Every structure is written in structure tokens, then in C-alpha cells.
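Q: Residues in the sequence shown are numbered consecutively from 1, following full-length UniProt numbering. In this text, a Cβ means the ideal position worked out from N, Cα and C, and glycines have one as well. These numbers come from a predicted model, not from an experiment.
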Amino acid sequence: MLEARELHFGYPQGPRVLAGVELRLEPGTWLAVLGPNGSGKTTLLALLLGLLRPSAGEVRLDGRPLQAWSAAARGRRIAYLPQNGPYPPGLTAGEVVRLGRLPHLGLWSREGPDDEAAVAWAMQVTETVALADRPMAALSGGERQRVLLARALAQRPRYLLLDEPTNHLDLHHQAALLRLLGRLAAEGIGVASVFHDPNHALAAGRAVLLEGGRVADAGTPEQVVTGAAFRRVYAGDVRVLRGEGRVAVLPRWAEAER
Ligand SMILES: Nc1ncnc2c1ncn2[C@@H]1O[C@H](COP(=O)(O)OP(=O)(O)OP(=O)(O)O)[C@@H](O)[C@H]1O
Numbered sequence: 001m002l003e004a005r006e007l008h009f010g011y012p013q014g015p016r017v018l019a020g021v022e023l024r025l026e027p028g029t030w031l032a033v034l035g036p037n038g039s040g041k042t043t044l045l046a047l048l049l050g051l052l053r054p055s056a057g058e059v060r061l062d063g064r065p066l067q068a069w070s071a072a073a074r075g076r077r078i079a080y081l082p083q084n085g086p087y088p089p090g091l092t093a094g095e096v097v098r099l100g101r102l103p104h105l106g107l108w109s110r111e112g113p114d115d116e117a118a119v120a121w122a123m124q125v126t127e128t129v130a131l132a133d134r135p136m137a138a139l140s141g142g143e144r145q146r147v148l149l150a151r152a153l154a155q156r157p158r159y160l161l162l163d164e165p166t167n168h169l170d171l172h173h174q175a176a177l178l179r180l181l182g183r184l185a186a187e188g189i190g191v192a193s194v195f196h197d198p199n200h201a202l203a204a205g206r207a208v209l210l211e212g213g214r215v216a217d218a219g220t221p222e223q224v225v226t227g228a229a230f231r232r233v234y235a236g237d238v239r240v241l242r243g244e245g246r247v248a249v250l251p252r253w254a255e256a257e258r
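1) Ignoring anything shorter than 4 residues or poking outside the region 186 to 223, list the alpha helix (DSSP H) runs there in chain order.
2) So, does the region 130 to 137 touch the region 86 to 94, judging by three or more C-beta pairs under 8 Å?
3) Within this structure, are the beta carbons of Val249 and Asn199 separated by less than 8 Å?
4) Starting from Gly94 and walking both ways along the beta strand (DSSP E), at which residues does that stretch end?
5) Is any heavy atom of ligand 1 found at a distance shorter than 7 Å from the C-beta of Tyr234?
6) Run through DSSP, which three-state label would Ala130 get?
7) Examine ligand 1 and report whether any of its heavy atoms sits within less than 7 Å of the Cβ of Asn37.
8) Fully enclosed by the region 13 to 60, which alpha helix (DSSP H) runs are 4 residues long or longer?
9) Using CA atoms only, rank isn't needed, just tell me which of Arg214, Thr43, Gly212, Ala186 is closest to Ala204.
10) Please look up how many angstroms separate the CB atoms of Arg146 and His173, rounded, as I've assumed it's under 8 Å.
11) Would Ala207 and Ala201 be called neighbours here (beta carbons separated by less than 8 Å)?
12) Suppose you measure from the CA of Arg242 to the CA of Ala138; what does that come to, to the nearest Å?
13) Cβ of Gly85 versus every heavy atom of ligand 1: is any distance shorter than 7 Å?
14) Using the DSSP secondary-structure output, state which residues sit across from Leu81 in a beta bridge.
15) Would you report the Cα separation of Gly100 and Ala175, rounded to the nearest angstrom?
16) In three-state DSSP terms, what is Leu2?
17) Quick check: what's the CA-CA separation for Asp237 versus Arg252?
18) Assess contact between the region 139 to 158 and the region 70 to 83, defined as three or more Cβ pairs (one per stretch) separated by less than 8 Å. Is contact present?
19) Tell me the rounded alpha-carbon separation between Thr220 and Phe9.
20) Among Leu148, Leu209, Leu153, Asp170, which has the Cα closest to the Cα of Arg183?
21) Considering only heavy atoms of ligand 1, does any lie closer than 7 Å to the CB of Tyr80?
22) State yes or no: is the C-beta of Gly212 nearer than 7 Å to some heavy atom of ligand 1?
23) What would DSSP say about Leu149, mapped onto helix, strand or coil?
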């Protein structure tokens, strides 16, 4: 399990960003993280990855404090798709995906059949096989996003953290990504994904709503988007619709057009 216990954090000279966040990500579950701009979602992911250290509280990975794991051991267990993810310049898409195998390779070891299989699988499920030989810099925003997702998947992680993974994706690739995340969770991976569109969060198994660095609500996605905290945070901006046994969220501007 990847677990945040009573996490507190503030950037140097900045105000407090997280104040006592509790969160548990179990293998085989998919957790959506919702919350307004600046509520601390990206900061929370950075703490869960060990890129930032909490000022109080701790992150535990599979029962041990995160700092007790080496960077390579963490990289074999946790993969990250950052927002507008950076990548080294001058590489093709296929080379970027292969970087995902680095935590699994020793200093002098060469790629083997497991590495090849992981890269091939990651590119197949992200529909990036045809992009393999294209320079990364020459890809569209959505193509690049899918290649960076393939790099994260090539790590074959136990936990997958994604920061707004539907960014840049067209409707087909949004739907494909949401189906893929559901499948990965069903296969035993712990998936945590930040979403701005609550309709995307509704595809997950659990949801948390961050507000001002605190967990304002947690539960099933349906409970969270129909809950009082969600209404308070997005008051006046959205309407929750129910029909055919499902819930959907409509932005108010769309209503005003009708
Ligand atoms: N490197 C930094 N130095 C100082 N303050 C920062 C830094 N990164 C983020 N912050 C501040 O911390 C707060 C939380 O930022 P964070 O990126 O975690 O929010 P978020 O919920 O991911 O927002 P968004 O939805 O806009 O991506 C914001 O007020 C932000 O301005």
C-alpha cells in the first residue's frame, strides 16, 4: 500500500500547502483526486513519489517509510505521469518509452526480453507503436502525452500516479485512457489520477476532494461529486445530472447556451 499519514507541507518561504492529508492507495484500486487549482494535488503526488519531503507526517510504501527505499527501488514500484511531463531532448518516442526501464536495469546490464516485452506492451496499450521512430519534439501534444504514459507503464509499476492524464487527449483517447486505467487497477495496480473533469473521476473506484490542502471529502466518486463539499467548492459552476442509473456533471455555461 502507498499511504500518506497526516501529511503537512509548505514550500520554502511559502504558505502551508497541505495540512494533515490522510490517503491510502491500495494495489488493485483506482483513486481519483479532485480539487480546485492550487488545492495541493500535484504537491501531494510529489510527496507520494518522494520528490518532496513532508514537514510533518510520513509516506509509507508497502509498510516501510518511503525514505527507506532507494530511488531505483522506488522507481521499480511507483511510476509517475507528470503534468506537461519533461523528457530529455533529441530522442525518438520509442527511446523515451525505453527510459521507463531504467529503474530495472543495473548500471552495466543490457536490455533483455522482459524489457522488450514491457516496452512493446506499453506502446501497444497507449496506441503509440506507430510513433516509435518519430522525434518526440515533432509529435502533437496528445501524441506526446500518450508516449509519456507509455514510458510510465514500461516501468511496470505497482503504483501509477498520474497528474491530469487526460490533458491534450481527444475524446477517443480520453475514453481509451479511462478504460486502460480501469483495466490496470483490475489487474492489481494501484492507480491515483488527478482530474479536473469530474466526469473522468466518475470512472474511478474511489475519489478524494482536496480543498485548501485538506481532504474535504472522500468516498466513491459518485458520493463525492454529489456531496456537500463538492457543491461548496464548485457552487454555481456545475449541475449534477442523474439518469439511466448514472451520474454526470454538466458545467453551467453549457446549460446557459441551451
Ligand atoms: N515550487 C513551488 N514553490 C512555491 N509554491 C508552490 C510551488 N509549487 C506549487 N506551489 C503553490 O502550492 C500550492 C499548491 O500547488 P499544487 O501545484 O499542488 O496545486 P494543484 O492542486 O495541483 O493545482 P492545479 O489544479 O492548478 O494544477 C499553490 O498555491 C501553488 O502556488
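A: Put simply:
1) Scanning the region 186 to 223 from its first residue to its last, the whole alpha helix (DSSP H) runs of 4-plus residues come out as 198 to 201.
2) The region 86 to 94 and the region 130 to 137 touch, with three or more beta-carbon pairs separated by less than 8 Å.
3) Position 249 of the sequence shown, counting from 1, holds the residue named residue 249. Position 199 of the sequence shown, counting from 1, holds the residue named residue 199. At a Cβ-Cβ threshold of 8 Å, Val249 and Asn199 count as neighbours.
4) Position 94 of the sequence shown, counting from 1, holds the residue named residue 94. No beta strand (DSSP E) holds Gly94; the alpha helix (DSSP H) holding it covers 93 to 98.
5) Along the sequence shown, read from residue 1 onward, the residue named residue 234 stands at position 234. Flag unset: Cβ of Tyr234 not near ligand 1.
6) Position 130 of the sequence shown, counted from the start, is the residue given in the question as residue 130. In the three-state reduction of the DSSP assignment, Ala130 falls in the helix class.
7) For this step, residue 37 is matched to residue 37 along the sequence shown. Yes, since a heavy atom of ligand 1 falls inside the 7 Å radius drawn around the Cβ of Asn37.
8) Here the runs fully enclosed are 41 to 49.
9) The residue given as residue 204 occupies position 204 in the sequence shown. Nearest option by C-alpha distance: Ala186.
10) Locating residue 146 in the sequence shown gives position 146, where the first residue counts as 1. Locating residue 173 in the sequence shown gives position 173, where the first residue counts as 1. Contact annotation, Arg146 with His173: C-beta distance approximately 7 Å; criterion of less than 8 Å satisfied.
11) Reading the sequence shown from its first residue, position 207 is the one you call residue 207. Reading the sequence shown from its first residue, position 201 is the one you call residue 201. Result yes, Cβ atoms of Ala207 and Ala201 sit closer than 8 Å.
12) The residue you call residue 242 lines up with position 242 of the sequence shown. The residue you call residue 138 lines up with position 138 of the sequence shown. So the two alpha carbons sit approximately 42 Å from each other.
13) Locating residue 85 in the sequence shown gives position 85, where the first residue counts as 1. No - ligand 1 has no heavy atom lying nearer than 7 Å to the Cβ of Gly85.
14) The residue labelled residue 81 in the question sits at position 81 within the sequence shown. Paired residues: Leu162.
15) In the sequence shown, counting from the first residue as 1, residue 100 sits at position 100. In the sequence shown, counting from the first residue as 1, residue 175 sits at position 175. The alpha-carbon of Gly100 is positioned some 24 Å away from that of Ala175.
16) Within the sequence shown, residue 2 is the residue found at index 2, counting from 1. Here Leu2 carries a strand assignment [DSSP, helix/strand/coil].
17) Mapped onto the sequence shown, residue 237 falls at position 237. Mapped onto the sequence shown, residue 252 falls at position 252. Going by the C-alpha atoms only, they are around 5 Å apart.
18) Contact holds: three or more Cβ-Cβ distances are below 8 Å.
19) Along the sequence shown, one-based indexing puts residue 220 at 220. Along the sequence shown, one-based indexing puts residue 9 at 9. Distance between the alpha carbons of Thr220 and Phe9: 26 Å.
20) Here residue 183 corresponds to residue number 183 of the sequence shown, with the count starting at 1. Among Leu148, Leu209, Leu153, Asp170, the Cα nearest to that of Arg183 belongs to Leu153.
21) Translated into positions along the sequence shown, residue 80 becomes position 80. Tyr80 Cβ: outside cutoff for every heavy atom of ligand 1.
22) Translated into the one-based positions of the sequence shown, residue 212 becomes position 212. Remark: the shortest separation between the CB of Gly212 and any heavy atom of ligand 1 does not fall under 7 Å.
23) Within the sequence shown, the letter at position 149 stands for residue 149. In this structure, DSSP gives Leu149 a helical state, which the three-state scheme calls helix.
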